[in-house]
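Chemist: Below you'll find the structure I mean.
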Amino acid sequence: MHRRDILFSDHTLFRDQEVFDFHHVPEQFHHRGAQITELADLARPGMEGASPGNAILRGMPGTGKTTTVLKLFDQIEESTRRIVPVYVNCHTDRTQFAVYAKIFEKFAGHSLPASGTPLAELMKKVAHLVQDKDCALLVCLDDANYLLYEQELNGLLYTLLRLHETYGRVRIGVFAIVSDMSLDLRRAVDNRVFSVFHPDEVTFPPYGKSEMREILGERIRQGLYPNTMKKNALDLVVDLACEQGDVRVGIDLIRKAARTVEREGRPAVTRNDIVAVSRHVVSPLLQTRAEHLTAAELEVLYHLARISTEGEVEMIAGMVFSALKEQMKISYTTFHERLKKFEQDGFINLHLRTGRGRTREIVLRYDPLQVMEACGSRHSA
Ligand SMILES: Nc1ncnc2c1ncn2[C@@H]1O[C@H](COP(=O)(O)OP(=O)(O)O)[C@@H](O)[C@H]1O
Ligand SMILES: [Mg+2]
Numbered sequence: 000m001h002r003r004d005i006l007f008s009d010h011t012l013f014r015d016q017e018v019f020d021f022h023h024v025p026e027q028f029h030h031r032g033a034q035i036t037e038l039a040d041l042a043r044p045g046m047e048g049a050s051p052g053n054a055i056l057r058g059m060p061g062t063g064k065t066t067t068v069l070k071l072f073d074q075i076e077e078s079t080r081r082i083v084p085v086y087v088n089c090h091t092d093r094t095q096f097a098v099y100a101k102i103f104e105k106f107a108g109h110s111l112p113a114s115g116t117p118l119a120e121l122m123k124k125v126a127h128l129v130q131d132k133d134c135a136l137l138v139c140l141d142d143a144n145y146l147l148y149e150q151e152l153n154g155l156l157y158t159l160l161r162l163h164e165t166y167g168r169v170r171i172g173v174f175a176i177v178s179d180m181s182l183d184l185r186r187a188v189d190n191r192v193f194s195v196f197h198p199d200e201v202t203f204p205p206y207g208k209s210e211m212r213e214i215l216g217e218r219i220r221q222g223l224y225p226n227t228m229k230k231n232a233l234d235l236v237v238d239l240a241c242e243q244g245d246v247r248v249g250i251d252l253i254r255k256a257a258r259t260v261e262r263e264g265r266p267a268v269t270r271n272d273i274v275a276v277s278r279h280v281v282s283p284l285l286q287t288r289a290e291h292l293t294a295a296e297l298e299v300l301y302h303l304a305r306i307s308t309e310g311e312v313e314m315i316a317g318m319v320f321s322a323l324k325e326q327m328k329i330s331y332t333t334f335h336e337r338l339k340k341f342e343q344d345g346f347i348n349l350h351l352r353t354g355r356g357r358t359r360e361i362v363l364r365y366d367p368l369q370v371m372e373a374c375g376s377r378h379s380a
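Using numbering that gives the first Met the number 0, you'd call the opening residue of the sequence shown number 0 and step up by one each time.
As structure tokens, then:
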């Protein structure tokens, strides 16, 4: 094969690879009408001279939260200048300063001068920019839990929502997105913030099977050529994605399987291809989920997985707790909270066993070795 042929093969299953990218915003976006309406209702006062309302958007990863906000923000930008929406990904912008800098960039149309601007100066600039435009500012803090871990959230919300007290007439609303179902952001903020941050809660339940099938089916229609995916292969993708409650799992399975099939010069993705790639797809998901844990949580999860590989301890909550205490300092209350979080995040299932008293059996939902690896170097053990 010539070098050119290695890169450019005639045989392709993909009509458009880009639709399988994680950051792709789909043209067709259904099933989140209720959430978009709720958020639009909260934004609307911004058009009428008042402040937009605040919201917390809650749902497991891959339930369409980010896309919903991006779609709404697009619509706002297309239809009015009276609200300026600013989307901030707190995974990358984790400090109060970074968030204000994003808002500044959006309004000023250029980034901050490289020379260090003090935070107070930056806030003042932002307040004046918003006032000069005579618009309402609507900030989305996506994955706001990162700001909380960095202890930046309280300060940010407090100063943002009180800018008007110092600078007069600044109208601001905040949409905070949280994928960590064990986190109740309302309770996590302190009292002084609570007095100015009264968010509505907008929930994003996982998609049901028929919704998942429609979403993934549409992605396939756009991204692959016709008849390149067998029906029973899609059935399995839908099942696996629903099991994890995460659309991303489905998209990733389709892309990886189609790549393999293309490489092998075959015409269509079969159910077996999905089975084969699913072994590699679930683990990145586990990785992403683990990235959302704090170092202290990772440590507990790591030991939990390790104990289960050794097979010496029955995986009953009380017994695991005793074994864990030999490895690390942990109270029963903390242990209990961690288990609850791991269950909500989909790492484990807790089965209630009745017999001699009520006990809970801990069942890992992933291969324990994979879990240990996902906890990786961030756990402090
Ligand atoms: N209703 C939907 N229609 C089409 N694609 C969707 C829908 N919901 C989610 N997706 C897709 O699923 C993936 C995850 O969605 P995202 O909005 O990032 O979820 P979250 O922010 O809740 O983790 C993205 O690729 C997105 O395009
Ligand atoms: Mg998101």
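Just so it is clear, CB atoms sit at the ideal spot from N, CA and C, and this is done for glycine as well.
On a predicted model such as this, the values are computed, not experimentally measured, just so you know.
Just to confirm, is the Cβ distance from I250 to F19 under 8 Å?
Modeler: As a first step, residue 250 must be located in the sequence shown, where it is residue number 251. As a first step, residue 19 must be located in the sequence shown, where it is residue number 20. Yes; because the gap between Cβ atoms is below 8 Å, this pair is in contact.
Chemist: Looking at T65 and ligand 4, is the gap between the Cβ and the nearest heavy atom below 7 Å?
Modeler: Only ligand 1 and ligand 2 can be found as ligands here, which leaves ligand 4 out of the picture.
Chemist: Have a look at M371, I361, I315 and flag the residue whose alpha-carbon is nearest the alpha-carbon of L285.
Modeler: Translated into positions along the sequence shown, residue 285 becomes position 286. If we check each option's Cα against that of L285, M371 comes out closest.
Chemist: Beta strand (DSSP E) containing Y301: first to last residue?
Modeler: Taking the sequence shown and counting its residues from 1, the one referred to as residue 301 is at position 302. Where Y301 is concerned, there is no enclosing beta strand (DSSP E), although the alpha helix (DSSP H) it sits in stretches over 294-309.
Chemist: Which partner residues of M228 appear in the DSSP bridge assignment?
Modeler: As a working mapping, residue 228 is identified with position 229 in the sequence shown. For M228, which the question treats as bridged, DSSP gives the partners V268.
Chemist: For A42 and G172, which I take to be in contact (beta-carbon distance under 8 Å), what is that distance rounded to the nearest angstrom?
Modeler: Position 43 of the sequence shown holds residue 42. Position 173 of the sequence shown holds residue 172. Right, the Cβ-Cβ distance comes to about 7 Å (below 8 Å), so this counts as a contact.
Chemist: With 16 other CB atoms within 10 Å as the buried threshold, where does K64 fall?
Modeler: Numbered from its first residue, the sequence shown carries residue 64 at position 65. Buried is the call here.
Chemist: Distance check for C374 and E298, CA to CA, integer angstroms please.
Modeler: Here residue 298 refers to the residue found at position 299 of the sequence shown. Here residue 374 refers to the residue found at position 375 of the sequence shown. Straight-line Cα distance between these residues: approximately 8 Å.
Chemist: Going by C-alpha distance, which of T67, G244, L368 is nearest T308?
Modeler: Reading the sequence shown from its first residue, position 309 is the one you call residue 308. When each option's Cα is compared against that of T308, the closest is L368.
Chemist: Helix, strand or coil: how does DSSP classify C139 here?
Modeler: The residue labelled residue 139 in the question sits at position 140 within the sequence shown. Three-state DSSP puts C139 in a strand.
Chemist: Quick check: the Cα distance between A380 and R278, rounded to an integer number of angstroms?
Modeler: Taking the sequence shown and counting its residues from 1, one reaches residue 380 at position 381. Taking the sequence shown and counting its residues from 1, one reaches residue 278 at position 279. Here the model assigns A380 a pLDDT of 49, short of 50, so the residue's position is not dependable and the matter cannot be decided.
Chemist: Which whole-angstrom value is the C-beta distance of A175 and L140, which I expect to be below 8 Å?
Modeler: Looking up residue 175 in the sequence shown gives position 176. Looking up residue 140 in the sequence shown gives position 141. Indeed, because the Cβ distance is near 5 Å, the residues count as touching under 8 Å.
Chemist: Which of the three DSSP states is assigned to I329 in this structure?
Modeler: To locate residue 329, count along the sequence shown from 1; it is residue 330. In this structure, I329 counts as coil in the three-state DSSP scheme.
Chemist: Less than 8 Å between the C-beta atoms of R220 and C134, yes or no?
Modeler: As a working mapping, residue 220 is identified with position 221 in the sequence shown. As a working mapping, residue 134 is identified with position 135 in the sequence shown. No, Cβ-Cβ distance for R220 and C134 is not below 8 Å.
Chemist: Identify the residues that DSSP records as bridge partners of H350: which are they?
Modeler: Against the sequence shown, residue 350 aligns to sequence position 351. E360.
Chemist: May I have the straight-line CA-CA distance separating H10 from G216, to the nearest angstrom?
Modeler: Here the question's residue 10 lines up with position 11 in the sequence shown. Here the question's residue 216 lines up with position 217 in the sequence shown. For H10 and G216, the distance between alpha carbons rounds to 22 Å.
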